[in-house]
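Residue numbers for the sequence shown follow my numbering, beginning at 1436 and rising by one. C-beta: ideal position from N, C-alpha, C; glycine also. Here the structure is a predicted model, which means the values were calculated and not measured.
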Amino acid sequence: MTRWTAVCSLDDLPPLGARRIARAQGLPVAVFRAHDDRVYALLDRVLYMQEMAEKTEVDETLRAIDHALRLEAASRLARGAEPRRQPLERENPVKWLQMPPRNYLGEMDKPPAQARPPYWYFDSEEKQLVYQPNRKDHLSVAGQKGQTLRFNVQNGENALNSRLVSRFSYTWF
């Protein structure tokens, strides 16, 4: 049996308008009013899917950086030592990509106040790659006040074992 719950009156919905209604459990409901005053209700999966897409883009970016890091390490090993060259863990890993992520702000100590998530930047003081997510309802970052993701290059036993690792443990979905 379907159980309906009144969430607003018809007058609360503008003609051809919509409202997003939060629920105690589960996804919110999007309520739409048609031109003939019929009302439709759907589970609102849009924000969930946007966050899932954002996570996927972050995962792909991290994977690309990790591959570029391995190529850079192999290239350095093949060329031999270069005394003027910084160690991998001190460099900005974005520069090893063919092109930076589409929302990359550059190298700086902190992002500009007007920066709107989502964005990446390289924290030049901490030597960390930082990602500030837009959607973070399903993101949990341990050991940190905010929900910012931070990564740095960590050297293994040799340069070929270098990896891009998260500074704080996190789960996203």
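Exposed unless 16 or more other CB atoms sit within 10 angstroms - verdict on residue i
i       : result
Ile1456 : exposed
Thr1440 : exposed
Ala1508 : buried
Lys1545 : exposed
Thr1606 : exposed
Val1529 : buried
Thr1583 : buried
Phe1608 : exposed
Val1474 : exposed
Gln1563 : buried
Residue range of the unbroken beta strand (DSSP E) whose run includes residue i
i       : result
Arg1454 : Ala1453 to Ile1456
Gly1541 : Tyr1539 to Met1543
Arg1519 : First-last for Arg1519: undefined, no H or E at that position.
Gln1563 : Gln1563 to Gln1567
Trp1555 : Tyr1554 to Asp1558
For residue i: DSSP bridge partner residues
i       : result
Val1493 : Paired residue(s): none; Val1493 is not in a bridge.
Thr1606 : Ser1575
Ala1476 : Val1466
Asn1587 : Val1600
Nearest residue (CA-CA) to residue i, options the options
i       : options                               : result
Ala1453 : Leu1462, Ala1476, Glu1495 and Gly1461 : Ala1476
Ser1604 : Asn1596, Leu1595, Gln1579 and Tyr1556 : Gln1579
Glu1561 : Gln1549, Ala1488, Met1543 and Asn1596 : Met1543
Glu1524 : Pro1518, Thr1437, Val1442 and Ala1594 : Ala1594
Say whether the stretch 1582-1600 touches the stretch 1454-1474, bearing in mind that this needs 3 or more beta-carbon pairs closer than 8 angstroms, one atom from each stretch. no
Under 8 angstroms: do the stretch 1492-1512 and the stretch 1530-1539 share three or more Cβ pairs, one atom per stretch? Yes, the stretch 1492-1512 is in contact with the stretch 1530-1539.
Are the stretch 1561-1571 and the stretch 1440-1452 touching, with three or more C-beta to C-beta distances below 8 angstroms? Touching, no, given that fewer than three Cβ pairs across the two stretches are closer than 8 angstroms.
Taking contact to mean 3 or more Cβ pairs, one atom from each stretch, closer than 8 angstroms, check whether the stretch 1593-1600 and the stretch 1504-1519 are in contact. yes
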